[in-house]
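Residue numbers (our numbering): 34 to 179.
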């Protein structure tokens, strides 16, 4: 097994453009629902997942994404209580609210599910936290041709 030459990612997002970069980095990440943690008193949402390293190709790495200033969280079509259920992240987007810089950060998952975090502002940190490992499968996407 050869170690990847791509360094671990450490990204900070404070605006929509930054969040788009994080979204691209976490596309096709897989996580267990039990690896989503919302701490209302700390106003923090944390997701831990196995990220496909598009920048290195052919590898996955354990990563974490944390949002600060979270006022509330809503889930749609995610199995409540199914902590071992696995979902795949398709995108992370921002929906501006009535009072800027607040709004909602929306995690879109395969299967038409999503997780919406109401935030005071965009405050997101993505960090790789393990050594990468090889994966035989490269994620593919239906381009909707036809």
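Ideal placement from N, C-alpha and C gives every residue a C-beta, glycine not left out.
Coil, strand or helix - residue i by DSSP
| i | result |
| --- | --- |
| residue 56 | helix |
| residue 49 | helix |
| residue 158 | strand |
| residue 166 | strand |
| residue 111 | coil |
| residue 42 | coil |
| residue 150 | strand |
| residue 105 | strand |
| residue 92 | strand |
| residue 128 | strand |
Residue(s) in a DSSP beta bridge with residue i
| i | result |
| --- | --- |
| residue 122 | 142 |
| residue 79 | 70 and 99 |
Contact belief for residue i with residue j at Cβ below 8 Å, rounded distance in angstroms
| i | j | result |
| --- | --- | --- |
| residue 159 | residue 58 | 6 Å |
heavy atom of the ligand MG below 7 Å from residue i C-beta
| i | result |
| --- | --- |
| residue 97 | In the structure shown, the ligand MG is absent, as is every other ligand, since no ligand is present at all. |
Close-in-space but distant-in-sequence residues of the same chain around residue i (CB under 6 Å, 5 per side omitted)
| i | result |
| --- | --- |
| residue 161 | 41, 42, 94 and 96 |
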